Amino acid sequence: MGVIPRDNGPHDFTHWNGKPYKPEAETIEFQDGTICKAPYKVSPVDGKTNAIPHDTNHVKKLAKNAIPAWDRRKHAYKDRACKYYQVIEYDPGVTALQVARQIDVCLACGHFVHLMGFPSQYALQNFHWSKEGFEAHLAVLPAKRFQAQDAEKRTESIKTGNKDIYDRYNIEEFCNHVHNDASTVSCAIMDAPVLKASPPLFMQSIDHAHTAYVAGGDDKYRKSIPIDVKKSEGWTLYHTGGYHTYNHFDSNGYATYVTIVDGAKCWVFGRHPDLPKCKNKDDYHSASAKVGAGTVKFPEDLERFYVWAVPGDILIQPPGQFHEVYTPIPTVSTGGHFYSFDTMHLSETAMYFNHNRRGVDTNFNHPSTSLTACLMMNSIKDRGPREYSKKGLMGLCMVVTKSKHYFRHFYLDPDHALKKMMQTQRALKKGRPDPHAKPPAEATTTPNPSQQEPPVTEVVLNEVMIDRAQALENARTLIELLKFDFDFGLSLDNKQTSQYAFKDGLFTPGETVFLTEEILSKLNAYVPLLPGEEDAFSSDYTEPEDGLDDDDDDLADEEEEEEDGSEYEEPVAKSLKRKAAATSRSKKGKGVAVPVAKKRKSASTSKASASKAAGPSNAKKGKSVVTPNASASNTAGPSNAKKRKAEGRLEAVAPKQPRLKIVLPARKPSTENDDEKGPGGDDEESDLTEIE
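Residue numbers (full-length UniProt numbering): 1 to 692.
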């Protein structure tokens, strides 16, 4: 890795790879003197007309109106045009941790950060825009067809409402368009994965979300990291030249870092002048709506600043930062999303705005954000005594305790589903009759299995994972001990909102709080199981499953369910019926025949006699053994006995499938200003429930 010398411009992006790029397109000049080609895609109808004139006119307006955040040719840094733009130049004597602290301070103030001259982890030597180049340097699967957002279809969708704005290309087709058909394509591949996320070294001290997952916690049922979390940690973008991304902010209140691998980008960022003056969320919503995010409009009254990002540059923007990006030449960029404790007030405000306007202003959505906030909360104790932004901690507490105010759908937690399945399976195992138990002495007749009432197994399931319950209690503890005042009030649409983030201004971090060892000792308190709740990780659960051999004879048709007025069965319980039936067999090699709760295929009388002869050997295998005799028809039930006899076959009837009674804890009255439920389950919406 080496330091890439930075060309501070002005730049000439009218050529690419030594040749004129899109010569048919108009040449435009930005205020810093950089020239490039305007967006252009030849119409497939006549082969002459520009098919994306709206994009062309928009970028021409940008070139005229946007101001260089810092023009080195004219101004000293202290005289830069944008006061919320910060430059950090590489200094080998400054550690990654020190750089991280500088960045954190800037982001907490809502500043846009531009790092220059840092050693590149993406210095691609001998990189070529070809299938071989992408496969060798970026581990792209050559046959995979990527979803490419088409500029013409995107703009047309605003008029027509057609959501199909994508084409699909493999990387060879994409590169062929870039080289040979540049004027016929204007698109961006935004779903390209990275083989391994390799963020800059200082990111490990800023990104407090991914580190919270990796650090682990007290919930032994937490086994996985959501796929959207892994994808947010690192992604790559491939753009053809002349593609414009309209104004938006990144979803779920994420902060973002981007580095240029090859090519260049004009990164335009700004605010509405009313935004710093906001005193509450109504003001914030009004000012943010004027930005025109998620549209192709060009509001005239915005502050617009821009920087040219070239290989070696790293751009970092705070949560909720409105931005639009013009890519003048073919470009590969990589980056990631992250949360920081010091910017959670900005994340919370952006999430609240986006949720209430029912919009997603980015290419990606991250449904697991509610879980991420909980794990961040739980990681505070392991970070030890330290200073935090008070507003940042308050923002995190809001997201944890009032999650339904920020998310349209709650995260469908696979670890929670696995936990319920394991607990249900264990309850079924405990509820099985003991195959070694002898019948009572007074019993003189063998009961008819078909007439017996199936047993009922009660399963107590908690609607909350342990780590979520801990996070709720941690948030309440911090609110109480630190005496957080959220300044709740009613919004214009009669919703209860908090105005804490706007005290002294949204972009003023405000005071800090120090979490002492005494405070930290009260966090991550032990969460006991509910009364009757099973611990699926106890020792006897780890025994090998009974009778789970792979013999074809063990496969049987499932018995049709009968309407018996049983208790409500959750889907997870239904999915366990086949498993429960399999585990009801005797242990292999015990030589005990136990009926299974499945209907076996009917056998002829001769086959039944053969099974009688082979009974002992089959019993050793843990199989059910049926002895046909005169009473077999009675065992099969009087209604079908004659029919079965006429057909010349006998059939054994197993007892009914054991029923499951799912017990969910009763909900308690909700705590004031707190929408979530604690370990016993107060007023939180279930993880498995859609709120809208």
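Just so it is clear, CB atoms sit at the ideal spot from N, CA and C, and this is done for glycine as well.
Note that the structure is predicted; figures quoted are calculated from it, not measured.
Exercise. Can you tell me whether DSSP reads D342 as helix, strand or coil?
Worked result: helix
Exercise. Between the segment 190 to 208 and the segment 69 to 76, do at least 3 Cβ pairs fall closer than 8 angstroms?
Worked result: no
Problem set entry | Minimum C-alpha distance to V527 - residue among T372, N378, T369 | N378
Exercise. Around the Cβ of N15, are there at least 16 other Cβ atoms within 10 angstroms (buried) or fewer (exposed)?
Worked result: The sequence shown places His at residue 15, rather than the Asn named in the question. H15 is exposed by the Cβ-count criterion.
Exercise. Cβ atoms of Y411 and S370: under 8 angstroms apart, would you say?
Worked result: yes
Exercise. Can you tell me the Cα-Cα spacing of H239 and L530, whole angstroms?
Worked result: 53 angstroms
Problem set entry | Cα-Cα separation, N180 to A63 | 28 angstroms
For this session: Quickly, what does DSSP pair Q86 with across the bridge? List them, please.
Result: V113
For this session: Would you decide whether P142 is buried or exposed? Buried here means 16 or more other CB atoms lie within 10 Å of its CB.
Result: exposed
For this session: Find the nearest neighbour of T49 within the set K391, L428, E24, judged by alpha-carbon distance.
Result: E24
Problem set entry | H323 beta carbon less than 8 angstroms from that of H58 | no
Problem set entry | First through last residue of the alpha helix (DSSP H) which encompasses R145 | Looking at the DSSP string, R145 is not in any alpha helix (DSSP H), and its letter there is neither H nor E.
For this session: For R101, name the three-state secondary structure that DSSP assigns.
Result: helix
Problem set entry | Straight-line gap, R271 to L302 (C-alpha atoms, nearest Å) | 6 angstroms
Exercise. What is the rounded straight-line gap between the Cα of residue 697 and the Cα of M422?
Worked result: There is simply no residue 697 to check, as the chain begins at 1 and stops at 692 in what is shown.
Exercise. Under 8 angstroms between the Cβ atoms of V513 and L393?
Worked result: yes
For this session: Have a look at K159 and I380 and give me their C-alpha separation to the nearest angstrom.
Result: 48 angstroms
Exercise. Where does D12 sit, in a helix, a strand or coil, going by DSSP?
Worked result: strand
Problem set entry | Closest residue to I189 among K131, M116, D150 (Cα-Cα distance) | D150
Problem set entry | Option nearest N65 by Cα separation, candidates G217, F305, V42 | F305
Exercise. First and last residue of the beta strand (DSSP E) that includes A309?
Worked result: 303 to 309
Problem set entry | Residue interval of the beta strand (DSSP E) (run including F514) | 512 to 515
For this session: Please state if the CB of T372 and the CB of V229 are separated by a distance shorter than 8 angstroms.
Result: yes
Exercise. Under three-state DSSP, which class holds T56?
Worked result: helix
For this session: Would you please state the rounded distance, in angstroms, between the beta carbons of F486 and S498? I believe it to be under 8 angstroms.
Result: 4 angstroms
For this session: Could you tell me which of I52, W308, G33 sits nearest to P39, measuring between CA atoms?
Result: I52
Exercise. Is it true that the segment 313 to 327 meets the segment 243 to 262, where meeting means three or more beta-carbon pairs spaced less than 8 angstroms apart?
Worked result: yes
Exercise. Do the CB positions of T155 and I260 come within less than 8 angstroms of each other?
Worked result: no
For this session: Would you tell me roughly how many angstroms separate the C-alpha atoms of S368 and A289, rounded to the nearest one?
Result: 26 angstroms
Problem set entry | Separation of V105 from E387, as counted between CA atoms | 13 angstroms
Exercise. For P638, does the count of other Cβ atoms within 10 angstroms reach 16, so buried, or fall short, so exposed?
Worked result: At P638, the pLDDT of 46 sits below 50, so the modelled position is not reliable; the number obtained from the coordinates is stated separately. The residue is exposed, with fewer than 16 neighbouring Cβ atoms inside 10 Å.
Exercise. Cα separation between E172 and L237?
Worked result: 16 angstroms
For this session: Label R80 either buried or exposed according to how many other C-beta atoms from any shown protein chain fall within 10 Å of its C-beta, with 16 as the threshold for buried.
Result: buried
Exercise. Considering only the beta carbon of each residue, do F174 and A209 sit closer than 8 angstroms?
Worked result: no
For this session: Take the Cβ of Q470 as the centre, count every other Cβ of all protein chains shown within 10 Å, and call the residue buried at 16 or more, exposed below.
Result: buried
Problem set entry | Cutoff 6 angstroms; reference A182; Cβ partners in own chain excluding five residues on either side | K22
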